[in-house]
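Here the structure is laid out as structure tokens; the discussion comes afterwards.
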Amino acid sequence: MKLFNTLTKQKEEFVPLEEGHVKMYSCGPTVYNYFHIGNARPFILFDTLRRYLEYRYGYEVTFVQNFTDIDDKMINRAKKDGITVSELAEQYIREYFTDAAGLGIKEATVHPKATEHIDGIIALIRRLEEKGHAYAVDGDVYFDTRSFSQYGKLSHHKLEDLESGARIEIDTRKKDPMDFALWKAQKPGEPAWDSPWGKGRPGWHIECSAMAQKYLGETIDIHSGGQDLVFPHHENEIAQSEAATGKPFARFWLHNGFINVNDEKMSKSAGNFFTVRDIVKQYDYEVIRFFMLSAHYRNPINFSHELMDQARNGLDRVYKCLENIQHLKENAPDVAGPGEVQTEKALEEKLKKFKEKFIEAMEDDLNTADAIAALFSMVREINISLAAVAHPSANILEHAGGLLKELGGVLGLFQKEQEAGVDNEIEELVNQRQQARKDRNWKLADEIRDRLKEKGITLEDTPQGVKIIKN
RNA sequence: GGCGACAUAGCCAAGUGGUAAGGCAGAGGACUGCAAAUCCUCCACUCCCCGGUUCAAAUCCGGGUGUCGCCUCCA
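Mapped onto the numbering used here, the consecutive letters of the first sequence carry residue numbers 3 to 473.
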């Protein structure tokens, strides 16, 4: 498949370095709060990429996503909550898994934590020091940016340009303003670990370099994250990793666009900040996932109530189709009747075409918007065919529903199952209504339907009998 | 100041040289006891503007306008 590589600014054919095995590293959350929809986008997106690589090529994907469990934000939040940093981390790692599971994000192969890899981090910093790429000052250790000639190759910046625009305060202890911390000396009251430079804690960027190397080796296939991580985070990761190993750190760099709110960047200071946990009070997790995948991942998307409504309604259309299939299956003949064979055969052909369209879209830099369009076309054709046939065969129903779920599954969508059967009370009411309809007692029939509606049961009368939908 | 992205219908969104996908919303119709679901029809003579290249441009080139992002913790 083709993937847009930030490094080369081009779509390139992706083939893993090691045959049949893909090594992916995706930057995970800092666990100081519930994650927000901005975080959710890369999680959902790169989970989808992983699913697709597994589905289409049968690759074994080793997927690493870290938890940043020590940094300024962690320390400040823990202080505010009156708990330790590790308690804070534990709490929000748990919450991460709750939301992630809801969003259909598969667990990574490994979810390493920075604080559990201090040894590896120190070893990496030492290696950089030995090679003359790092220097210690008063217990801090900095990366010597000027020592890495390729600095800026990912973000396509020149070091000089960055410096001229630098808004950071000049730290006179640093050799160059662009030098960044690999290790930070302990400040009073902060968690700290022993190191050759005294007590302290790792800088932010170094953890990813160290953990990626530990679990995936010196060169990985795909490294991904949000667009804002291109600089400085990923640029710095490259500098650290490649200065240490002399090998390319990642072959493909993938970055997703941002989520805006009213066309403005979502940020805490602007107060337009939405956690996934908040949104699920109003919309299913799946609506969020569907919403994220309905645009191309590199484009910015807006978030609003209206757009979530649109996403929900679109998602409903697919589920309605699946419901219909399920309902028809209940009394379906094994094979199509005479005169219906042709229609079903034609549908089979169309299904095949839509699957090809789906794959084609995904092959082109993970164009999930186009892939979803193919699924909608499929839904329409299924609806048309099933309405044209008096009694669709179990065979075609199985096929159509199965494919919709199969391809939906690649996107992590459409897997919700309606539990079958209703309790006796409901069944009795449905039967009463059926009798009332037979008696042409519409008033009673409608009354019962309304009563069931209040209980969260929707009835639809179809040519194949009454359809019971639980909300 | 430097670097970059984007601009397609009421809304969302694909398409990147061959004559505008798909979804949501809306209108009309079919079906139905009524609904719901579903289907059919309609809904961008045109893709921010102006030039240029070409037989042919939403798509390529130049210029302009607008919006946003990065250069500082940030997905």
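The C-beta atom is built at its ideal place from N, Cα and C for all residues, glycine as well.
So, under 8 Å CB-CB, residue i and residue j are touching, yes? Tell me the CB distance rounded to an integer number of Å.
{"i": "Ala42", "j": "Leu105", "result": "6 Å"}
{"i": "Ser243", "j": "Ser269", "result": "That pair is no contact at about 29 Å."}
{"i": "Glu56", "j": "Gly22", "result": "Their Cβ separation, rounded to whole angstroms, is 11 Å, which puts Glu56 and Gly22 out of contact at 8 Å."}
{"i": "Gln229", "j": "Phe260", "result": "6 Å"}
{"i": "Tyr59", "j": "Val412", "result": "That belief does not hold up - the Cβ atoms of Tyr59 and Val412 are roughly 12 Å apart, past 8 Å."}
{"i": "Ile459", "j": "Ile470", "result": "6 Å"}
{"i": "Ala241", "j": "Phe145", "result": "6 Å"}
{"i": "Val232", "j": "Thr8", "result": "6 Å"}
{"i": "Tyr27", "j": "Leu218", "result": "6 Å"}
{"i": "Ile208", "j": "Ile127", "result": "7 Å"}
The alpha helix (DSSP H) spanning residue i covers which residue range?
{"i": "Trp199", "result": "That residue, Trp199, is in no alpha helix (DSSP H); it is neither H nor E in DSSP."}
{"i": "Phe356", "result": "Val343 to Glu365"}
{"i": "Gln242", "result": "Glu237 to Thr247"}
{"i": "His119", "result": "Element bounds for His119: n/a, residue is neither H nor E."}
{"i": "Thr100", "result": "Val87 to Gly104"}
{"i": "Lys81", "result": "Asp74 to Asp83"}
{"i": "Ile290", "result": "Tyr287 to Leu295"}
{"i": "Glu429", "result": "Asn426 to Lys440"}
Which one or two residues does DSSP pair with residue i in a beta bridge?
{"i": "Asp142", "result": "Val139"}
{"i": "Thr8", "result": "According to DSSP, Thr8 bridges with nothing at all."}
{"i": "Val468", "result": "Asp463"}
{"i": "Glu15", "result": "Lys4"}
{"i": "Ala371", "result": "The partner list for Ala371 (beta bridge, DSSP) is empty, contrary to what the question assumes."}
{"i": "Lys186", "result": "Arg203"}
{"i": "Val391", "result": "Its beta-bridge partners do not exist; DSSP assigns none."}
{"i": "Lys445", "result": "Answer is none; Lys445 lacks a bridge partner."}
{"i": "Thr277", "result": "His38"}
{"i": "Asn397", "result": "For Asn397, which the question treats as bridged, DSSP gives no partner whatsoever."}
{"i": "Asn304", "result": "Asn262"}
{"i": "Val112", "result": "Val66"}
{"i": "Glu20", "result": "His23"}
{"i": "Thr32", "result": "Thr70"}
{"i": "Ile267", "result": "Checking the displayed sequence, the identity of residue 267 turns out to be Lys instead of Ile. Beta-bridge pairing links Lys267 to Asn262."}
Can you tell me which of the options puts its alpha carbon nearest to the alpha carbon of residue i?
{"i": "Lys108", "options": "Glu362, Gln67, Glu456 and Lys176", "result": "Gln67"}
{"i": "Leu184", "options": "Lys176, Ala194, Gly205 and Glu165", "result": "Gly205"}
{"i": "Lys177", "options": "Gly134, Gln437 and His401", "result": "Gly134"}
{"i": "Phe401", "options": "Glu421, Ala389 and Lys347", "result": "Here the sequence assigns His to residue 401, which means Phe is not the residue at that position. Cα-wise, what sits closest to His401 is Lys347."}
{"i": "Asp463", "options": "Gln436, Tyr36 and Arg300", "result": "Gln436"}
{"i": "Lys216", "options": "Lys354, Leu431, Glu118 and Phe45", "result": "Glu118"}
{"i": "Arg319", "options": "Glu449, Ile124, Ile398 and Ile384", "result": "Ile384"}
{"i": "Asp101", "options": "Met213, Lys115 and Tyr285", "result": "Tyr285"}
{"i": "Glu92", "options": "Phe69, Gly84 and Pro44", "result": "Phe69"}
{"i": "Gly191", "options": "Val87, Leu368 and Phe6", "result": "Val87"}
{"i": "Thr147", "options": "Asn426, Glu351, Ile459 and Ala245", "result": "Ala245"}
{"i": "Leu164", "options": "Tyr153, Asp173 and Thr174", "result": "Tyr153"}
{"i": "Leu368", "options": "Phe16, Thr10 and Lys11", "result": "Phe16"}
{"i": "Phe416", "options": "Ala438, Leu388, Lys322 and Ile428", "result": "Lys322"}
{"i": "Leu47", "options": "Gly467, Ile290, Pro198 and Ile240", "result": "Ile290"}
{"i": "Glu365", "options": "Lys13, Thr8 and Ser387", "result": "Lys13"}
{"i": "Val139", "options": "Asp181, Glu162 and His235", "result": "Asp181"}
{"i": "Phe6", "options": "Lys440, Lys352 and Asn258", "result": "Asn258"}
{"i": "Glu421", "options": "Lys25, Leu218, Asn473 and Trp444", "result": "Asn473"}
{"i": "Glu308", "options": "Ile281, Ala438 and Leu324", "result": "Ile281"}
{"i": "Thr50", "options": "Glu430, Leu409 and Leu446", "result": "Leu409"}
{"i": "Glu288", "options": "Gly414, Lys25 and Ile123", "result": "Gly414"}
{"i": "Glu427", "options": "Lys457, Leu406 and Pro302", "result": "Lys457"}
{"i": "Gly141", "options": "Asp83, Lys160, Ile123 and Arg203", "result": "Arg203"}
Tell me the residue span of the beta strand (DSSP E) that contains residue i.
{"i": "Val63", "result": "Glu62 to Gln67"}
{"i": "Lys25", "result": "His23 to Ser28"}
{"i": "Glu462", "result": "Ile459 to Thr464"}
{"i": "Leu256", "result": "Ala252 to Asn258"}
{"i": "Met48", "result": "First, the amino acid is wrong: residue 48 is Phe here, not Met. Unbroken run through Phe48 is the alpha helix (DSSP H), Ile39 to Tyr59; no beta strand (DSSP E)."}
{"i": "Ile224", "result": "Ile222 to Gly228"}
{"i": "Leu330", "result": "Not the beta strand (DSSP E): Leu330 falls in the alpha helix (DSSP H), residues His307 to Lys331."}
{"i": "Asn262", "result": "Ile261 to Val263"}
Original post:
Are the stretch 276–296 and the stretch 370–379 in contact at 8 Å, needing three or more beta carbon pairs?
Top reply: At 8 Å Cβ cutoff, the stretches touch.
**OP:** Could you tell me whether the stretch 329–338 touches the stretch 298–314, where touching means 3 or more Cβ pairs closer than 8 Å?
**Re:** no
Original post:
Quick one: any contact between the stretch 359–370 and the stretch 324–335, if contact means 3 or more CB pairs under 8 Å?
Top reply: Put simply, the stretch 359–370 does not touch the stretch 324–335. Fewer than three CB pairs are less than 8 Å apart.
Original post:
Can you find at least 3 beta carbon pairs, one from the stretch 218–229 and one from the stretch 246–266, that sit closer than 8 Å?
Top reply: yes
**OP:** Count the C-beta pairs between the stretch 29–36 and the stretch 70–86 that are closer than 8 Å, then say yes if the count reaches three, no if not.
**Re:** yes
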